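Protein sequence lines, in the order shown, are assigned to chains F and Y. All you need for the numbering used here is the position in the first sequence, starting with 1, plus 239. All you need for the numbering used here is the position in the second sequence, starting with 1, plus 239. Below you'll find the structure, written out as C-alpha cells, and then a few comments.
2 protein chains.
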Amino acid sequence: MKHADHAPVPEFAVWAGRPGLLARTLAAIMPVDAAAADAAAARAAELAIPAGSLGRMLALSVRLAGIQRSLAPAFPRKAVVVMAGDHGVVRRGVSAFPAEVTPQMVANFARGRAAINALAVAAGARVVVTDVGVAADLPAVVGLRPVTTVAEALAAGAVLHRKVRCGTDDLSSGPAMTCEEATAAIEAGIDVVEGLVAQGLDLVATGDMGIGNTTPSSALACVFTGRAPSEVTGRGTGIDDPALERKRQVVEEALAVNRPDPADPLGALAAVGGLEIAGIAGVILGAAAAGIPVLVDGFISTAGALVACALAPAARDYLIAAHRSLEPGHRVMLEHLGVEPLLDLDLRLGEGTGATLAMPLVDGAAALIGTMATFAEAGVSEAGVSEAGVSEAGVAEAGVAESTGLEADAVGA
Amino acid sequence: MKHADHAPVPEFAVWAGRPGLLARTLAAIMPVDAAAADAAAARAAELAIPAGSLGRMLALSVRLAGIQRSLAPAFPRKAVVVMAGDHGVVRRGVSAFPAEVTPQMVANFARGRAAINALAVAAGARVVVTDVGVAADLPAVVGLRPVTTVAEALAAGAVLHRKVRCGTDDLSSGPAMTCEEATAAIEAGIDVVEGLVAQGLDLVATGDMGIGNTTPSSALACVFTGRAPSEVTGRGTGIDDPALERKRQVVEEALAVNRPDPADPLGALAAVGGLEIAGIAGVILGAAAAGIPVLVDGFISTAGALVACALAPAARDYLIAAHRSLEPGHRVMLEHLGVEPLLDLDLRLGEGTGATLAMPLVDGAAALIGTMATFAEAGVSEAGVSEAGVSEAGVAEAGVAESTGLEADAVGA
C-alpha cells in the first residue's frame, strides 16, 4: 500500500535532535518531595475555613506547594506548547475536515487568531506553536516563518521548526512511524520545555493540532487502558454515523495489524500514535524532569500523558488534568490515570484550550495556600466550639421554645 | 419568646437607605437586547472551529456579547461584594461554628487574609466587605473601621457600613425581619453596585458571610422551588447527623410558622431569609439594572438569586451561575433557575470564592468571541469538504486496502 501523497520534505525539515535526550530526561524524573508535600498538607489543614470547604481547590494547592517545594507557590511565567502533526490515516475518511486544515490552523495559531491565542492572552500565557510533523511545507503553503529557537518562536508569524517527518503513515495498515521518529518527536517536546525553562517557566500546558488525531489517540487509549475501540472512539470534530463506524473499524485494524504492547510504550506510540502526540508526551516528560506542573488538555493530550506516564510513572506527580472532553474515550483515559479534571465545559476543540482555561485555577490554588490566614493567625474560633455553646445555651433556648408550645402552633398552623 | 442576645445596636448602625431605590431598580431591569444577542450568535457560528467544539464557553461568549452589546466584550474592572449578616436561628444549634465567627471572618476579609481575598487578587478583582447585619459592634469587637462609601471600603481594614439591624430574629419562631428591613438590605446591595459602577465596573460577583445562613437559604429554596426541607437542607459548614436532623426540623418549623408565599418574594425573604441574602439579591438586581453580568456564588448567593429573579424575572439574563456547591439544595436551586454552573470543584465555603474563581472564564469567553478569526478570515477549510474528498480519494484508497486483503490479514492476525 502506498503512503499518503505528502508534500515533499523540504530541506529545513530534518531536525537533528539531541542524542540521548529522552533517556536523560526519564532518568531525571523524580516523585514530588514527600517532606514538601507533607508540609503543604499540614499548612492547608490549619487554614481558617471549615474542613474540606475548599474542596478540590485546596487539594490542588497542596499539590502545587509540594511540586514547587514552597508554602507560597507562584506560577507567573506560563506557556502553552501547541504540537502540530498530520496523520496518514486521514485518507481512511476518519475526520470531518481535510488534512489541509492542519497547516491552515497552524498559520492561524502563529498569527494569533485562534481560540488558543485568545485564551492564552486572557491567561497571561505565551504560545509556542511547534511543527513536529505537519504534512506541508509551511512557508510555501501558508507563508509561515520557520524558526529554530523557542525565543524566536514567540514572535508573531513564526512556527518552531521541529519537523520529524511530514505526517505519519496510515496506522491501519502498518506502523505510523519508526521508533526513532517517535523518539525524535518526544525529544522535540522535551527540548521545547527546556527552551522555555531557560527563558523562565513556572507552568506549562499542552495543546495539539492535527486533522485525524483522535484516531491514533483512540488507538493509544485501547493500548494503555485495555478497553475496546467501540468504548473509546468518538466523533472527533463531528463525523456522522457512517464515518464513526469506519473510524472504529480503522482503530480495530490498527490494533490488529500492529499488535502494540503497553509494556513497550515507545513501540506502541510509534505503531499507532502520532508525531504531535509524541511531542506532547515529551512536553509532559520535560516538565516533570524540570519539576514544573503541566496542565494536560483533552483527548489528544491525554493520549500523550498515557505514553509519558507509561515511560516514567513518576511524571504523574506533575500532571494536572485540565478538563473533561466530550470525546467519550477521554473519561476512560482519565480514570486509567487516576486523575480528576478541573473543568467540565463540554469542550472538544483541543489546541490546548481546556488546559489554558484551567491556568487561572492554578493561580487561585497557589494564592489560597500562599496568602490565607490560619485559624490562629486570624483569631477565628474553630468548629465544635458551637456544639458546646449550643448545648449550654442554644438547645436550652430551643427547649424553652418547645415548652411554650410554639412548635405545636407551627405544626397546627 | 425573647430575641437573641444581640450586641446593642451602636449609634452608627442605622443606614437610612435611599427611598424608592428598590422600586426604581426593578423598573430599570430590561431583558438583554435581542438584536445584540442575535449578532453575537451569528458571529460565534462563523468562528474557525468545528461546530460546538467550544461547548459552554462559546455559549458564555454569546451571552456576554449580548449583555455588553458588543462583539468584543471585555470585563477588566471586576469586584466581589461580600455581604455579611447574622442569624437568630443559630441559637437552635444549626451550625458547627459559633456566631462570633461572623465578625471574626469579616475582620479577616477586611484585612485581606481570607480565601476570597486570595482569589480576588488572583482574579484582579476588588473586594467590598459590607456589613448589612452582623450582630456585633465591629469596631469594638474586631477593631474594624466602618466607612460609608464604596471608595473608602476598598481600603484595608475597612468595612462598608450598611447595617440594617444586628442579625435577624429566629425564623423558626416568627419572621426573621420586617419587610422594611428586608427592603433596606436589598437596597444596600443595589447601592453598593451603584457605588462600584460610579468607579467603573464591568463584572461583579456575589459573596456571603454569616454563621447559620444555610438554614434560611434552605428555607428560601423550599419556598421558591416547592421542594421539601429534607431535599434541600444539608450540612453547611459540617454539622453532624443529630444537628442535621435538628436543622431540617428548624426549616420545617420556619415554613410552618411563617407560611411564606413565593408570590410575595419580599415577604418570603423577610419571613425566612437573612440580611446578607437580601443584600446579595440587591447586588444581583443592581447589576441587572446596570446591564452588568453578575457571577452568582454558591448556596447562599443562589438563595439571593431566587429572590432577585422572583422580584424581576429579567434579572436572570444577567446572572451567571459560577459553581455547583456540595450543599445538596444548591443543585435544586440551579435547576429551578434553569442555569448550569461553570465550575464543579466540591466547594462549600461561600465568601464569593466560587464566583471569583469563575471570573477568568468570563475573561476567556470574552476573548474568544472578541479575537478569534472566522473560517473566511483565517482561510481555513470548513467541515464537510473532507467528506467529498474522502469519497473521491480516501474511501477509494480504503477500498484498495480492502482489495489487497489487508483487513482480512488484520482480522486473522
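Note that CB positions come from ideal geometry on N, CA and C, so glycine has one too. Fair warning: this is a prediction, and the values are worked out from it, not measured in the lab.
The region 471-482 of chain Y makes no contact with the region 602-611 of chain Y: fewer than 3 CB pairs, one atom from each, lie closer than 8 Å. Along the region 417-437 of chain F, none of the residues has a CB nearer than 7 Å to a CB of chain Y. Residue contact check for F:N356 against chain Y: a CB pair falls below 8 Å. Around Y:D585, the beta-carbon contacts reaching into chain F at under 7 Å are G294, R295.
DSSP, reduced to helix, strand and coil, places Y:K486 within a helical segment of the structure shown. Between the region 473-483 of chain Y and the region 363-372 of chain Y there are fewer than three inter-stretch CB-CB distances shorter than 8 Å, so the stretches are not counted as touching. Of all residues in the region 358-371 of chain F, the ones placed with a Cβ closer than 8 Å to any Cβ belonging to chain Y are L358, V360, A361, A362, in chain order.
Chain Y places no beta carbon closer than 8 Å to that of F:N452, leaving this residue out of the contacts. Put simply, the backbone Cα of F:P289 is about 26 Å away from that of Y:K402.
Contact of Y:G477 with chain F is assigned, a C-beta pair being separated by under 8 Å. Here the C-alpha atom of Y:A617 lies approximately 27 Å from the C-alpha atom of F:H562. Contact annotation: Y:A551 and Y:V443 have beta-carbon atoms that are not nearer than 8 Å. Not flagged as an interface residue toward chain F: Y:A283, since no C-beta distance is shorter than 8 Å.
By DSSP's assignment, Y:A397 forms a beta bridge with Y:R384. Burial state of F:T388 is exposed, judged by a 10 Å Cβ sphere holding fewer than 16 other Cβ atoms. According to DSSP, residue pairing for Y:I539 in a beta bridge does not occur.
Spatial neighbours of Y:R384 in its own chain (CB-CB distance under 6 Å, excluding positions within 5 residues in sequence) are listed in chain order as G396, A397. In the three-state reduction of the DSSP assignment, F:T445 falls in the strand class, which pools E and B. Within the same chain, and ignoring the five residues on either side of F:F463 in sequence, the residues whose Cβ sits closer than 7 Å to its Cβ are P501, L545, A549, H575. With 16 or more other Cβ atoms from the protein chains shown falling within 10 Å of its own Cβ, Y:P504 counts as buried. Per the DSSP secondary-structure output, F:I268 pairs with nothing in a beta bridge. Distance check between F:V329 and each of F:D441, F:L286, F:A482, F:E285 places F:A482 closest, using alpha-carbon atoms only.
Residue nearest to F:T369 within the set F:P455, F:I516, F:V333 is F:I516 (criterion: CA-CA distance).
Annotated three-state conformation of F:I559 is strand, per DSSP.
Residues of chain Y whose Cβ lies closer than 7 Å to the Cβ of F:D602 are, in chain order, A361. In the three-state reduction of the DSSP assignment, Y:T369 falls in the strand class.
Contact between Y:D447 and Y:G372 does not hold, since their C-beta atoms are separated by about 11 Å, which reaches or exceeds 8 Å.
Contact between the region 273-283 of chain Y and the region 336-348 of chain F is absent: fewer than 3 CB-CB pairs across the two stretches fall below 8 Å. By the 16-neighbour rule on beta-carbons within 10 angstroms, Y:Q438 is exposed. Residues of the region 326-356 of chain Y with a C-beta less than 9 Å from any C-beta of chain F: V329, R330, R331, G332, V333, S334, A335, F336, P337, A338, E339, V340, Q343, M344, A346, N347, R350, G351, R352, A353, A354, N356, listed in chain order. Contact of F:V443 with chain Y by beta-carbon distance below 8 Å is absent, the smallest such distance being about 18 Å.
Spanning the alpha carbons of Y:G568 and Y:L586 requires a straight line of approximately 14 Å. Y:V511 is a Cβ neighbour of Y:L494, given a cutoff of 8 Å. A straight line joining the alpha-carbon of F:E579 with that of F:R555 spans about 12 Å. Y:R331 counts as buried, since no fewer than 16 other beta carbons sit within 10 angstroms of its beta carbon.
CA-CA distance, F:T595 to F:L293, rounds to 22 Å.
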